[in-house]
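Following our numbering, the numbering of the sequence shown begins with 428 at its first residue and continues without gaps.
Cβ atoms here follow ideal geometry from the backbone N, Cα and C, with glycine treated the same way.
Since the structure comes first, as structure tokens, the remarks are kept for the end.
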Amino acid sequence: MLRPQDSSTRERKRLDGLWAFSLDPEAEGRTARWWAGRLPHASEMAVPASYNDIAADAAVRDHLGEVWYQRTVRVPRGWAGQRVVLHFESATHRATVWVDDTEVMSHEGGYTPFEADITGLVSAGEEIRVTACVDNTLSFQTIPPGVVEDTPAGPRQRYWHDFFNYAGLHRSIWLSATPHAHTDDVTVVTGLDGLTGTVDYTATTVGADGLGVRAVLRDADGHEVASGSGASGRLTVADVHRWAPGDGYLYDLEVQLVEHDGGGDGDGGGTVVDSYHQSVGIRTVEVRGTQFLINSEPFHFTGFGKHEDIPVIGKGHDDGYLVHDFALMEWIGANSFRTSHYPYSEDVLDYADRHGIVVIDETAAVGLNMGLGGGIFGSQGYQTYSPDTVNDETRAVHAQAIRELVARDKNHPCVVVWSIANEPESDTEGAEDYFRPLFDVAREADPTRPVGFVNVMLAPHGKCRVSQFADVLMLNRYYGWYVNTGDLAAAETAWLDELQGWATEGKPIIVTEYGADTLPGLHSLTPQPWSEEYQVAYLDMNHRVFDRVDAVVGEHVWNFADFATTSGIMRVDGNKKGVFTRDRKPKAAAFALRRRWRKDS
């Protein structure tokens, strides 16, 4: 599946805006065939956005189950004779879509795209009705998992991830036109040999019998630097401009389907039937011992775990916040971030590609750990891995989530590590059995990048049974916050001891989370938990530990900005571990990190 784009042979129409919107609290919409006409009791809802916080209504914010979106759209009259596709960038957490009265697709998984060929259902110049039924329900067989519990007040959703279960149509929806003979997928793998770069490309096509494939690589100024013919091949670039951290240089690969004029092999001439453009950053990624290498040079990750989380629109993508967040990361000296805890909008990765920001790309497998229930989420008493909880069916859904993540993001040079889960239970035999085949799935999907998962504090060095499968060790640790609270001296001793143990594994270590909840404006003469002074002292302690362990190749503070969570006594108006507030105001820690990460400041 290729993301819709405008090219010399393709066109797209964005369907964002205000859609009709209806809650379905009685789950009657499917039986009543709501897709077959105007939605009942509809209000207006912004797309893209989470629906939860937009309406000033607790029934909307806390809704469990299906909601319905609908709008009409006119197919451009110039699309006659073209293949027409309806493309959703995401629907959280699953969706069924109809065009007029016909169901055209369903998809499981809230953060990756899906599409349907609707050519036979539309006519150029005419209107169609698009209806989407979106369901936010989580179970033990979804990624992320959850459970619906019966309470005296009715069914309630419980989940084990520490951020609010925002739902809806969070990203753009497209109507697009392509030729019937078209390129269906493009994969690029890049390499370096001294000053020479290589681009191995593979294109899959549909309906292209009798057509040739031509690949043209151009530099950022539009000059052709290499070309080739055939559905796969290698392009060589002399005096290559590498993609590198801080230098997001991109080439443009145009894949053409060519109808030959009078024969030939497609190297010259011929009518272009379909054209698709793929940006290419030529770079290499390698793990060598305890080093993480980009372009054969050691790389040290500085940055954050982030969230797609904005006031009012929740997880809805917003270009203004996109640009501002990257500006703040540049200001503070961050060179990387992790897409915690789900794939982000592809617009985010495109921006990271262009600006040379390195990304750890993560699936939505967060909350596979019932052992975390006692503190943050309240007691629950479930066993993580069992036939009745996280089981073989869950793993199949998880495997598909990995495949879809790789399929979408494989060509982004900014992505250097696949993270297949965050803080799962990993110290049991059940965990080992569950994860062993998932690492195989990730490596089969992409053998070119390191694969890892994020280890939780409940599975320290010597007890984790999943880290053996990882190329990179990623650790979330809160010494000085959840343990040794307020006692940074004891925290420093304990943290250094554990980290030195992990260093004996001979793998690079990225500390993917460390942080302390901080109330902006709260100050104390001696650093006390929740004060801005404590957050600074806490970070300083962690950095002293990191600097004493050579295997540590990265530090990602949790979190970039404060974010919304489910309600509970452990969270007051959300998680406050941000270095910036939810509306992106800096805390004192932001200036401390800037001093550490920007040596020129």
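Query                                                                                                  : Result
Three-state secondary structure assigned by DSSP to Ser894                                             : helix
Residue range of the alpha helix (DSSP H) that includes His534                                         : It is not in any alpha helix (DSSP H) - His534 instead sits in the beta strand (DSSP E) that spans 529-535.
Under the three-state DSSP convention, the category Arg835 falls into                                  : helix
Short Cβ contact (8 Å threshold) for Pro475 with Arg598                                                : yes
Contact belief for Pro935 with Val899 at Cβ below 8 Å, rounded distance in angstroms                   : 5 Å
Beta strand (DSSP E) runs wholly inside the region 570-629, at least 3 long, in chain order            : 573-578, 581-586, 600-605, 609-620
Residues sharing a beta bridge with His704, DSSP                                                       : Glu681
Candidates Leu638, Arg501, Val938, of which the one nearest Gly657 by Cα                               : Leu638
Buried/exposed call for Tyr676, threshold 16 Cβ in 10 Å                                                : buried
Cutoff 7 Å; reference Leu946; Cβ partners in own chain excluding five residues on either side          : Trp957, Lys1003
Endpoints, the alpha helix (DSSP H) within which His782 is located                                     : 773-782
Ile829 - DSSP class collapsed to helix/strand/coil                                                     : helix
Backbone CA spacing between Ala463 and Trp758 [nearest angstrom]                                       : 51 Å
Any beta strand (DSSP E) of 3 or more consecutive residues that is wholly inside the region 934-1020   : 936-940, 979-985
contact_flag[the region 485-495, the region 446-454] where n(CB pairs < 8 Å) is 3 or more              : yes
Residues bridged to Gln497 [DSSP beta-bridge criterion]                                                : Ala447, Thr558
Ala872 vs Arg835 beta-carbon contact at 8 Å                                                            : no
8 Å Cβ cutoff, Asn903 in contact with chain D                                                          : No chain D appears in the structure shown, which is made up of a single protein chain.
Touching by the beta-carbon criterion (3+ pairs, under 8 Å), the region 863-872 and the region 900-920 : no
Segment contact, 8 Å Cβ cut-off, at least three pairs: the region 497-511 with the region 567-584      : no
Inter-residue CB distance, Tyr628 and Thr519 (contact presumed, cutoff 8 Å)                            : About 33 Å; that fails the 8 Å criterion.
Pair within 8 Å by beta-carbon distance, Trp908 and Glu940                                             : no
Leu755 beta carbon less than 8 Å from that of Arg1011                                                  : yes
Rounded C-alpha distance that separates Glu850 from Val793                                             : 7 Å
Minimum C-alpha distance to Val712 - residue among Leu684, Glu820, Val616                              : Val616
Sufficient close CB pairs (3 or more, under 8 Å) joining the region 696-716 to the region 731-740      : no
Beta-carbon gap between Asp701 and Gln683 smaller than 8 Å                                             : yes
Which listed residue (Gln568, Thr546, Glu859, Met472) has its alpha carbon closest to that of Leu596   : Met472
For Ile759, the three-state DSSP class (helix, strand or coil)                                         : helix
CA nearest to the CA of Val842, picked from Val976, Thr920, Pro770                                     : Pro770
Cβ-Cβ distance between Leu902 and Trp922 below 8 Å                                                     : no
Alpha carbon of Ala823 to alpha carbon of Val652, nearest angstrom                                     : 43 Å
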